[in-house]
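Trainee: Have a look at this one.
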Amino acid sequence: MDATGDVILVQGGGSVAAARQTSRTMKRTVNLQERLQEKSQAVGERADAVVTPLHGGAGGEIELADKAGKSQMLEDASGNNVSLMRTMLRAMLHETSTQLMDEQKKMLERLWDALMGNQRMTTQMMGEQLEMVRQIQQEVQAVKTQAVEESRKVDELRRLHEQSTRQLRVMREQTSEQI
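Under my numbering, residues 20 to 198 are what the sequence shown spells out, in order.
See below:
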């Protein structure tokens, strides 16, 4: 399993060139650091190889050639270091971008899942509310039917009452005539 670290330091030319904090695996960055160190050592070895043969000639020419060689070496070394640093920084940028995109993807997936959960819950609640509305409509229809029945009964009772009242009046009149 890859090691994790809190700080990654990129060194070049004896100084720290870049630093950043991370809690992710460091395998890629460690590999890049190792390559950077190998390249720096290779540049240093080439510089030593160029300077050594120059010491075999005449005195003035040696110093001039030595200075020119060192100057060219420094330019090559600094160019290589800059190139290596750019490569290293690009790799770090790519890693960071990839990590950020992965985190954003995970966040979007969590948001999508939450949205779908809310939608399912809302759909379920709407279904329950529609069922409640249907039940209420059925109850209202039952109450209307009952009210119509009671209205019929009231009308029937009223009709019976009026009929009874007429019959009583007729009976009273007949009784009063008979007396």
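Glycine included, every Cβ here is placed at the ideal spot set by N, Cα and C.
#1: Taking K58 and L103 to be in contact with their CB atoms under 8 angstroms, please state how far apart those CB atoms are, rounded to whole angstroms.
#2: Can you tell me which of L119, Q143, L55 and R139 puts its alpha carbon nearest to the alpha carbon of V101?
#3: Where does I155 sit, in a helix, a strand or coil, going by DSSP?
#4: How long is the line joining the alpha carbons of G146 and K172, rounded to whole angstroms?
#5: Among the residues of its own chain, which have a CB less than 7 angstroms from the CB of N50, if the five just before and after it don't count?
#6: Using a Cβ-Cβ cutoff of less than 7 angstroms, which residues in the same chain neighbour Q193 once the five nearest sequence positions on both sides are dropped?
#7: Sorted by chain position, which residues of the same chain lie with C-beta nearer than 7 angstroms to L119's C-beta, five sequence neighbours on each side aside?
#8: Who are the near neighbours of T106 in its chain, counting only those whose CB is closer than 6 angstroms to its CB and skipping five residues on each side?
#9: Given this structure, state the Cα-to-Cα distance separating S170 from M135, to the nearest angstrom.
Mentor: Well, looking at it:
#1: 5 angstroms
#2: L55
#3: helix
#4: 39 angstroms
#5: none
#6: none
#7: none
#8: none
#9: 52 angstroms
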